[in-house]
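First comes the structure, then the notes that go with it.
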Amino acid sequence: MKKNNIILIGMPASGKSTFGVLLAKNIGYSFIDSDLVIQKETNKKLSEIISEVGTEGFKEVEDRINCGIEASEAVIATGGSAVYGENAMKHFKEIGTIMYIKVDENELLNRLGDLKKRGVVIKEGQTFHDLYLERTALYEKYADVTVYENSPFPKVVLPKMLKALGISTV
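Offset between the sequence shown (1-based) and our numbering: plus 186.
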């Protein structure tokens, strides 16, 4: 398996899926949304899995399914909680470059809305601030490259992604 994929990590609402599709189109790669892979394999919405098996159970399901993603020349947008899965992150490191899309906490809160409806993996009683700090440390640990961006506009973000990957724009 070649290391020719780009794996996007970051908080929910950081733009992994939105920018991932655009990045894939721009460089001629396919696009995989790992949340959709999980939903297809389990035949359930993420929020249903979380309500059935809890956040820890969901992390196990996510880690197992993410480990099975085999791809070549693909942009893979992961769920925000993918970084809890050590096995999956090891697998992703082996098959590609991991890009962290970093967005400020306040900007994320503006974009997110209802965390439960969105299927955000958050422990009972945990604040969004605590979750942000906990995950940021993991994103930074696994990232090969980081794109820091608070803009929701692709014309601003996409060139930064390409530059971080060392891909020249036309």
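A virtual CB, placed ideally from N, CA and C, is assigned to each residue, including glycine.
Next on the checklist: Per DSSP, what are the beta-bridge partners of residue 191 in this structure?
Outcome noted: In DSSP, residue 191 forms a bridge with 282.
Checklist entry - For residue 343, which of 233, 245, 286 has the nearest alpha-carbon? => result 286
Next on the checklist: Taking the alpha-carbon of residue 247 as reference, which of 259, 256, 212, 231 has the nearest alpha-carbon?
Outcome noted: Nearest C-alpha to residue 247: 231.
Checklist entry - How would you write the range of the alpha helix (DSSP H) that residue 260 sits in, first residue to last? => result Per DSSP, residue 260 belongs to no alpha helix (DSSP H); it is in the beta strand (DSSP E), 260-263.
Checklist entry - Is residue 231 helix, strand or coil by DSSP? => result coil
Checklist entry - According to the neighbour-count rule (16 or more other Cβ atoms, all chains shown, within 10 Å of its Cβ), is residue 221 buried or exposed? => result buried
Next on the checklist: Using C-beta distances below 6 Å, list every residue in its chain close to residue 219, excluding the 5 sequence neighbours before and after it, in chain order.
Outcome noted: 203, 263
Checklist entry - Since residue 342 is in the alpha helix (DSSP H), which residue starts that stretch and which ends it? => result From DSSP, the alpha helix (DSSP H) with residue 342 extends over 340-350.
Checklist entry - By how many angstroms is the C-alpha of residue 318 removed from the C-alpha of residue 307? => result 11 Å
Item to check | Residues that residue 218 bridges to, as DSSP identifies them | outcome: Paired residue(s): 262.
Item to check | residue 332 - containing alpha helix (DSSP H), residue span | outcome: Looking at the DSSP string, residue 332 is not in any alpha helix (DSSP H); the run it does join, the beta strand (DSSP E), is 331-334.
Checklist entry - Taking Cβ to Cβ, would you say residue 198 is nearer than 9 Å to residue 324? => result no
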